[in-house]
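Residue numbers (our numbering): 19 to 501.
Inspection log for the structure reproduced underneath, given as structure tokens.
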């Protein structure tokens with residue numbers, strides 16, 4: 019079930035009404051209902067994959083209880099590794115099995131051996147990478163004694179399967195979200211209005227920005243050999259805003275809907291395209307995944323405590339693994355490695371923590387130096403997105419190679435240029451709104467500070483009507499559903 023579908027437009031108000039009607043019966047009744055609603059939401063794609071979520075939840079629930087009773091370190095480690103192997107094992111089979119088989123076959127063929135192992139006809143479960151990391155964080159934090167294991171299986175199941183963020187995050191930590199399922203929730207009108215506002219902005223990002231940009235990004239990337247360098251540059255721009263609008267739009271909708279139910283999810287995006295260097299970009303892009311890898315991979319590997327060589331190694335491991343997390347394709351691995359290479363000069367020079375504030379804070383426009391830094395960072399990011407979007411490494415290299423041709427100075431030419439220019443104008447307006455709201459948690463948050471009620475509603479109606487009339491309502495799936 020998609021957020022931008024007619025099914026969800028019926029599903030959400032029904033679940034909302036029933037959830038708050040159950041408040042008098044206590045949090046357990048609400049949690050049972052949320053588990054039921056979340057499993058219905060997920061099962062809408064393929065009910066067979068519900069068993070995977072139930073299995074991961076049950077394994078980590080039992081392992082958490084066992085670790086609470088066990089003080090011997092060796093046995094606690096065995097229990098932790100049982101959780102890691104069980105969860106990553108499922109992820110590996112469904113997401114990476116055929117990838118490794120195909121690469122083994124190619125390696126043996128290269129060596130002159132006719133090795134033809136069988137592959138599996140596997141359908142990738144939607145969101146498996148997200149809820150796998152969420153359940154793993156619970157087991158790891160219980161092992162580290164950062165949290166106490168819950169004895170309430172229903173609360174844990176609700177935490178793992180909570181439908182707003184189930185299939186594309188944010189990847190929540192048990193220490194933050196699980197306690198919210200174990201305490202009474204009261205309907206807060208102010209929080210609900212704020213959530214509706216954020217969900218509206220997320221829907222705008224998805225159907226107006228992402229899905230309209232996708233039309234031209236898909237066209238240009240699929241036929242890149244037919245277009246000039248200037249058109250290919252435009253294709254990279256379209257995809258850059260497609261993936262940002264798509265993924266951050268999902269996060270805004272998920273966070274906004276969660277507020278309607280009395281839950282607070284972590285922030286996942288903080289206006290990353292206004293970053294002044296790549297270190298700042300990765301503090302602002304997919305924050306829940308970046309911090310997950312920091313806490314559960316980079317720091318356990320030693321972080322930067324063991325000197326520059328170890329810091330370089332650990333940084334590259336994190337970026338490469340992060341790339342591989344996105345999908346079973348070498349383009350994702352190279353994309354991760356490329357971002358790691360972008361990051362290393364900042365790390366080695368000690369400048370990776372320079373920009374911890376908001377760009378041009380308290381000012382309407384950035385300085386020339388800030389503008390140049392933002393443009394350079396966006397350019398590097400866009401180049402990496404070409405690798406991410408391309409079907410193969412060869413296609414990525416060819417696309418980038420054609421970008422460097424003299425036709426870069428020509429006028430871009432592609433079908434339906436009038437609509438394409440309209441989309442570019444919508445993107446420009448979107449960037450302007452995001453710039454104005456960059457010091458808030460999302461772009462429309464500051465609308466509530468407008469004292470005039472007619473002026474506030476004018477903003478809401480403008481966004482809603484633009485979404486309605488300029489949105490692409492083809493029920494296009496979110497990009498990160500495939501990860």
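Idealized CB from N, CA, C, for every residue including glycine.
Just so we're clear, the structure is a prediction, and the values are computed from it rather than from any experiment.
Inter-residue spacing [alpha-carbon to alpha-carbon] between residue i and residue j
i	j	result
residue 429	residue 484	29 Å
residue 409	residue 265	19 Å
residue 314	residue 473	46 Å
residue 190	residue 182	12 Å
residue 442	residue 359	31 Å
residue 230	residue 35	33 Å
residue 274	residue 56	16 Å
residue 460	residue 468	16 Å
residue 342	residue 110	11 Å
residue 462	residue 300	23 Å
residue 329	residue 290	24 Å
residue 458	residue 90	47 Å
residue 252	residue 246	10 Å
residue 323	residue 177	34 Å
residue 260	residue 93	47 Å
residue 397	residue 204	46 Å
residue 434	residue 68	43 Å
residue 71	residue 65	11 Å
residue 312	residue 50	33 Å
residue 267	residue 395	21 Å
residue 453	residue 292	8 Å
residue 2	residue 149	With the chain covering 19 to 501 only, the question about residue 2 has no answer from this structure.
residue 46	residue 250	54 Å
residue 376	residue 393	16 Å
Which of helix, strand or coil DSSP assigns to residue i
i	result
residue 301	helix
residue 437	helix
residue 357	helix
residue 34	helix
residue 381	coil
residue 472	helix
residue 467	helix
residue 409	coil
residue 19	coil
residue 375	coil
residue 461	coil
residue 63	coil
residue 368	coil
residue 423	coil
residue 49	helix
residue 284	coil
residue 43	helix
Buried or exposed (CB count within 10 angstroms, at least 16 for buried), residue i
i	result
residue 336	buried
residue 255	buried
residue 277	buried
residue 367	exposed
residue 437	exposed
residue 424	exposed
residue 167	buried
residue 113	buried
residue 412	exposed
residue 201	exposed
residue 263	buried
residue 99	exposed
residue 308	buried
residue 491	exposed
For residue i, the nearest candidate out of the options (CA to CA)
i	options	result
residue 344	289, 383, 323, 407	407
residue 192	325, 86, 165, 32	165
residue 48	37, 116, 369	37
residue 269	241, 64, 32, 496	496
residue 488	322, 224, 30	224
residue 146	187, 175, 119	187
residue 33	250, 53, 22	53
residue 464	60, 219, 347	219
residue 212	370, 466, 490	466
residue 28	39, 85, 59, 257	59
residue 374	22, 302, 155, 105	302
residue 361	431, 214, 422, 298	298
residue 326	364, 78, 414	364
residue 391	86, 156, 403, 296	296
residue 156	25, 173, 141, 143	173
residue 83	382, 171, 400, 340	171
residue 160	405, 86, 207, 500	86
residue 304	316, 320, 284, 321	284
Contact with chain B by residue i, beta-carbon distance below 9 Å
i	result
residue 250	Within the model displayed, chain B is absent; a lone protein chain is all it includes.
Inside the stretch 138-211 only - alpha helix (DSSP H) runs reaching at least 4 residues: 146-161, 171-179, 192-195
Start-end ranges of the alpha helix (DSSP H) lying completely within the stretch 292-347, minimum 4 residues: 296-302, 305-311, 326-344
4-residue-minimum alpha helix (DSSP H) runs that sit fully inside the stretch 76-123, ordered along the chain: 91-109
Segments of 3+ residues assigned as beta strand (DSSP E) that fall wholly inside the stretch 230-272: none
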